[in-house]
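In the numbering used here, the protein residues as written are 40 to 265. Just so it is clear, CB atoms sit at the ideal spot from N, CA and C, and this is done for glycine as well. Here the structure is a predicted model, which is why all the values come from computation and not from measurement.
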Amino acid sequence: MRKGLIGKKVGMTQLFGPDGVRIPVTVIDVGSNVVIQKKSEHGKDGYAAVKLGYGSVKKLEKEGTEPRWRLAKPQVGMFAAAGIDEPRKHVREFRVDEADLDQYEVGQELGADYFQVGEYIDATGTSKGRGFSGVMRRHNFAGAKASHGVHEFFRHGGSIGMSADPSRVLPGMKMPGQYGNAITTIQNLQVVQVLPEDNAVLVKGSVPGPNGGIVTLRTAVKKYHG
């Protein structure tokens with residue numbers, strides 16, 4: 040069964056297994072996931088998916104006007120059409136199997152127990168941005184020697200071009216540039232512990248992004264066997 044949830048990265052901690060081995064884990068808060076819409080292969084969309092919402096939204100209260108949600112009107116209208124009184128800040132869509140659509144209902148709340156201990160998932164988030172970086176930091180270049188005539192060239196990337204043929208820089212050449220701040224997926228993270236009362240999922244290893252960043256958890260593609 041393919042499934043997914045939206046969560047917020049809380050931070051990292053550690054657990055100890057039955058054999059006393061320390062396990063580094065990332066804590067992900069997955070509370071307030073609500074089903075907004077169901078899509079079917081036999082409908083106008085042509086594929087099976089579930090749209091979820093996550094994260095609380097504040098109301099804008101201004102004297103002389105009615106309080107309104109701090110969201111765009113089309114977003115608020117999407118939740119109103121689904122019969123959900125309180126809209127959510129983040130919306131994601133998850134592909135599911137057509138046969139599993141009956142397990143979802145619009146307005147249904149999904150919690151941490153949606154995943155099972157031992158299950159493998161893929162975590163997608165926006166990695167930390169590190170700005171404009173050189174080749175040593177961005178691509179792990181070794182740099183030049185610090186002796187034997189090398190002058191002010193210690194952290195450069197070296198030659199990037201050709202001579203007469205092909206007399207151009209080939210696409211994909213590793214060069215300085217923007218590092219981080221990109222959508223990143225870490226595959227095959229194992230669910231170590233599920234805390235339904237805290238709406239938290241603990242996965243083994245690190246997850247992209249800073250603490251407080253939004254993370255999407257999906258059933259692992261390369262571990263999925265039906």
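(request) Less than 8 Å between the CB atoms is what I'm expecting for Val64 and Leu44, so what's the real figure, rounded? (result) About 17 Å separates the CB atoms of Val64 and Leu44; that is not less than 8 Å, and the two are not in contact.
(message) So, with DSSP's three-state summary, where would you put Met51?
(response) In the structure shown, Met51 falls within a strand segment according to DSSP collapsed to helix, strand and coil.
(request) Taking only the alpha-carbon atoms, compute the straight-line gap between Val260 and Ser79 and give it to the nearest angstrom. (result) Near 21 Å, if we compare the C-alpha coordinates of Ser79 and Val260.
(request) Can you check DSSP and say which residues form a bridge with Ile225? (result) Answer is Ala162, bridged to Ile225.
(request) Spell out the partners DSSP gives Tyr93 in its beta bridges. (result) Answer is His129.
(message) Whether or not the region 210–227 and the region 147–157 are in contact is what I'm after, with contact meaning three or more pairs of Cβ atoms, one per stretch, closer than 8 Å; do they touch?
(response) In short, these stretches do not touch, since the Cβ pair count stays below three.
(request) Taking only the alpha-carbon atoms, compute the straight-line gap between Glu132 and Phe193 and give it to the nearest angstrom. (result) Roughly 47 Å separates the two Cα atoms.
(request) Return the CA-CA distance between Leu228 and Gln114, expressed in angstroms with no decimal places. (result) Their Cα atoms are separated by approximately 32 Å.
(message) At the level of alpha carbons, what is the spacing between Gly265 and Tyr153?
(response) For Gly265, the predicted structure reports a pLDDT of 49, less than 50, and the residue's modelled location is therefore unreliable. The matter cannot be settled from this model.
(message) Taking the beta carbon of Gly92 as the centre, do at least 16 other beta carbons fall within 10 Å, making it buried, or is it exposed?
(response) Sixteen is the threshold: when 16 or more other Cβ atoms of the shown chains lie within 10 Å of the Cβ of Gly92, as they do, the residue is buried.
(request) Just grab the DSSP bridge partners of Gly56 for me. (result) The beta-bridge partner set that DSSP reports for Gly56 is empty.
(request) Alpha carbon to alpha carbon, how far is Val231 from Phe55? Give it in angstroms, no decimals. (result) The C-alpha of Phe55 lies about 10 Å from the C-alpha of Val231.
(message) By alpha-carbon positions, which one of Ser172, Asp136, Ile225 and Gly196 ends up nearest to Ala183?
(response) Checking every option, the nearest Cα to that of Ala183 belongs to Gly196.
(request) Taking Arg61 as part of the beta strand (DSSP E), name the residues at either end of that continuous run. (result) For Arg61, the enclosing beta strand (DSSP E) begins and ends at Arg61 to Asp68.
(message) Quick check on DSSP: helix, strand or coil for Glu191?
(response) In this structure, Glu191 counts as coil in the three-state DSSP scheme.
(request) Can you give me the start and stop residues for the beta strand (DSSP E) that Ala119 sits inside? (result) That residue, Ala119, is in no beta strand (DSSP E); its alpha helix (DSSP H) goes Lys112 to Ala120.
(message) Going by C-alpha to C-alpha distance, which of Val60, Ser71 and Pro57 sits closest to Asp237?
(response) Ranked by Cα distance from Asp237, the first of Val60, Ser71 and Pro57 is Ser71.
(request) Assuming Pro247 contacts Ser166 (C-beta within less than 8 Å), just tell me the rounded distance between them. (result) Between the beta-carbon of Pro247 and that of Ser166 there is about 5 Å, and that keeps the pair under the 8 Å contact cut.
(message) Helix, strand or coil, according to DSSP, for Val208 in the structure here?
(response) In the structure shown, Val208 sits in coil (DSSP, three-state: anything other than H, G, I, E or B).
(request) Kindly list the residues whose CB is nearer than 7 Å to the CB of Glu100, restricted to its own chain and excluding five residues on each side of it in sequence; keep chain order. (result) Excluding residues within five positions, the ones whose Cβ falls inside 7 Å are Pro106.
(message) Spatial neighbours of Met214 within its chain, please: C-beta separation below 7 Å, excluding the five flanking residues on both sides.
(response) Residues of the same chain with a CB within less than 7 Å of the CB of Met214, apart from the 5 flanking positions on each side, are Val174, Gly196 and Ile199 in chain order.
(request) Let me know the secondary structure DSSP gives Gly265 once reduced to three states. (result) Because the pLDDT of Gly265 is 49, which lies under 50, any placement of that residue in the model is unreliable, and the number read from its coordinates should be weighed accordingly. Assigned with DSSP and collapsed to three states, Gly265 falls in coil, not helix or strand.
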